[in-house]
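So for the sequence shown, my numbering puts the first residue at 1333; every next one is plus one. The C-beta atom is built at its ideal place from N, Cα and C for all residues, glycine as well.
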Amino acid sequence: MQVYTTPKLNKVKVTSDFWKRYRELVVKEVLPYQWKVMNDEADISISEDPQNNGQDKNSHAIANLKIAAGQMKGHHYGFPFQDTDVYKWLEAAAYSFGYHPNPDLKKITDNLIDLIADAQEDDGYLSTYFQIDAPERKFKRLQQSHELYTMGHYIEAGVAYHHETGNEKALDIAKRMADCIDKNFGLEEGKIHGYDGHPEIELALSRLYEETGEKRYLDLAHYFLNQRGQDPAFFEKQIKADGDSPDRDLIPGMRDFPREYYLAAEPIKDQKVPHGHAVRVVYLCTGMAYVARYTGDKDLLAACDRFWNDIVKRQMYITGNIGQTTTGEAFTYDYDLPNDTDYGETCASVGMSFFARQMLNIHAKGEYGDVLEKELFNGALSGMALDGKHFFYVNPLEADPAASKGNPGKSHVLTHRADWFGCACCPANLARLIASVDEYLYTVNGDTILSHQFISNEAEFDDGLKIVQTNHFPWSGDIHYEIENPNDKSFKLGIRIPSWSANFDLEVNGSAKDLPVEDGFIYLDVDDKSLTIDLKLDMDVKVMRASNRVSDDFDKVAIQRGPIVYAAEQTDNQAPLSLYEVTPGAKTEYKFDKKLLDGVGVVKVAAKRQKIDDENAPLYVDASKPVETESAELTMVPYYAWANRENGQMRVWLNK
């Protein structure tokens, strides 16, 4: 009988040209730029903000910490959660040290840790708005305060910084925060029987448990998840006690959203589908998946499955974007997927990546890897320009500068990326995802190593085991593995077969193999000292359609090649783009252009273009009269790369 070992993953080095470019961009451009912004040293404009939150050119995030630490005088500036811009930036910087040591940046981050320690109160509390301007209101208005959300983001940063650098002070700050929260929240008498309006602390405490082994932190995360919705009126009771007047609100308008928006209308185990703010939903789901895995809580696991299925099968755009409406940055209802008003917040795609990764830790299902891949190459990546200094908060699938300017209902849709935002949650969130992408490539489930992302890498495991993956993905589907197993350890290797690759060829040590696909993976037993695997995926250009339940995409098609969803831009095609028609059997041509958009695969699609009506023609005419058309060719580029050139129209879904 063959005895399998449980491999332990030690380190992954990303060698992919595609992702190395982005990861070096984080180090060389993104982190320095964001540091200047947070120190109010960058010449930026935040007047064009999807939520009109920009007040002036300042972030003041570092200044808030200095004021709380007694190093400056002044009032708090920005949102109650302004501190989180700093914490997500710090987390991204921590990950970057794993692949790009940078002594100058390390001095900055070490000094930042010292500043955060000085700002933290003796009991572990740290949220600068309340320390500076409202100390008497700590934990009094949790629907809006984001206190646990804010401290959760530091806990994540502190865990990452300690893990990458060994800095004990960074971890100590995180533990003291968690201890403070533990002293104030719980079912015991004298504690607050509640939770934050914005989930985050649940996943942060789970990560702190992983880093420290302290079960009390996992129990606290479990408490927050179980307590949510037990008293649906909890937030309203707090508001009444804290002062019911709207001028007491910490964020105007937040009280007007229903309980479902905060996922607080009923206990999680009773919630059938996710409602409300998309980022809150996926952060909560990530925390649920963490805690379900460590505690075996079947109710939480069932909720993870329900929420996943509803999001992915009924409320997700082809690009992976989620959260359809600008009102509350929220989910709406099943199959409601409007393209030209889509919100699709970058943070929601980042959060969906977190959720998918945690679900892979629970179930070996290819669909989780498919969605993670969709987010990495489309929905999340679209949030940053190729220069690393301009960002999207909103990620539509159809855009027109005239519509964004002329229609107030589309004013949240920018057709060029902004310098910064008044609510700047997205830029640093995307930076921390890119800088940590090496942690998203493998999942170890028992004796099985799952290789679910095709990002070239060198992975080192215990016992001398090494897996090297090379490819030119996402432009080529030829995936090559070399496995070194000097101690003849026996393990299983699962390789994801993407849902977009209906056909594939597999060779092991040069011999063709025909293996069944099980829940999206093929499995190989490995016990030789060395092994080569060659996987050839189907990279044909595909003309896609949506379910006919999606009325907004009825009689429309989209173009996809491999994991990449494509978009037509006005800079490449004659406007208006609405006049193009593409049939499902349209001829397509693919070519890689190394000079365009830092190197992208370009798809040409045979199309017809209607002749535009004369502006003096009647507004409505008899449909029996033929419309003049001409043959045309659409040039399409990856969705993630749109809006890096001239400002103009963009479309993912095309008329047919």
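Of the residues assessed, L1480 falls on the buried side of the cut-off, its CB having 16 or more other CB atoms within 10 angstroms. Distance from the CA atom of D1859 to the CA atom of K1824, rounded to whole angstroms, is 9 Å. DSSP, reduced to helix, strand and coil, places R1881 outside both helices and strands of the structure shown, so it counts as coil. Inclusion of Q1981 and P1740 in the CB contact set at 9 Å is not warranted, their separation being larger than that value. The alpha-carbon separation between A1717 and I1376 amounts to approximately 15 Å. For I1827, the pairing in a beta bridge is given by DSSP as S1783 and I1854. Taking all protein chains shown into account, V1959 has fewer than 16 neighbouring C-beta atoms within 10 Å of its C-beta and is therefore exposed. Per DSSP, the continuous alpha helix (DSSP H) segment holding T1497 begins and ends at E1479 to T1497. Sixteen is the threshold: when 16 or more other Cβ atoms of the shown chains lie within 10 Å of the Cβ of Y1365, as they do, the residue is buried.
Here P1435 is exposed, its C-beta having fewer than 16 other C-beta atoms within 10 Å. Excluding residues up to 5 positions away in sequence, A1401 lie with their Cβ nearer than 6 Å to the Cβ of D1450 in the same chain. A distance below 6 Å between beta-carbons, with the five flanking residues on each side excluded, links V1613 to the following residues of its chain, in chain order: P1606. When the five nearest sequence neighbours on each side are left out, the beta carbons in the same chain lying within less than 7 Å of the beta carbon of A1939 are those of Y1912, E1913, V1914, A1918, A1964, E1965 and L1966, in order along the chain. E1699 and L1341 have their alpha carbons spaced roughly 22 Å apart.
Annotated three-state conformation of K1821 is coil, per DSSP. One alpha carbon belongs to L1797, the other to D1857, and they sit about 14 Å apart. Cβ-Cβ distances below 8 Å link K1405 to I1399 in the same chain, with the five nearest sequence neighbours on each side left out; the list follows chain order. Around the beta carbon of Q1570, a 10 Å sphere encloses 16 or more other beta carbons of the protein chains shown; the residue is thus reported as buried. Per DSSP, the beta-bridge partners of G1933 are F1924. In the DSSP annotation of this structure, the continuous segment of the beta strand (DSSP E) that includes Q1801 starts and ends at K1798 to T1802. For T1967, the uninterrupted beta strand (DSSP E) segment begins and ends at T1961 to P1970. In this model, A1834 and D1870 are separated by some 7 Å (Cα to Cα). For L1669, the closest of E1546, L1444 and S1879 by C-alpha to C-alpha distance is S1879. Ranked by Cα distance from I1464, the options Q1475, F1517 and H1408 are led by H1408.
Scanning T1659, Q1656, C1617 and T1658 for the CA closest to the CA of N1641 turns up C1617.
Apart from sequence neighbours up to five positions away, the residues of its chain that approach R1977 with a beta-carbon distance below 7 Å are T1903, ordered along the chain. The shortest C-alpha to C-alpha distance from R1749 to any of G1738, I1766, I1643 and A1731 is the one to A1731.
Per the C-alpha coordinates, the member of D1851, L1863, D1810 and E1790 positioned closest to K1821 is L1863. If you draw a straight line from the Cα of Y1419 to the Cα of F1723, it is about 18 Å long. Across the structure, F1687 and T1657 are spaced so that their CA atoms are roughly 21 Å apart.
Looking from the CA of Y1594, the closest CA among A1553, G1931 and L1474 belongs to L1474. If you compare the alpha carbons of M1684, L1867 and Y1615 with that of I1854, the shortest gap goes to L1867. Taken through DSSP and simplified to helix, strand or coil, S1862 comes out as strand.
DSSP lists V1875 as the bridge partner or partners of I1891. With contacts defined by Cβ atoms closer than 9 Å, T1678 and G1715 form a contacting pair. For R1941, the number of other beta carbons within 10 angstroms of its own is at least 16, and it is reported as buried.
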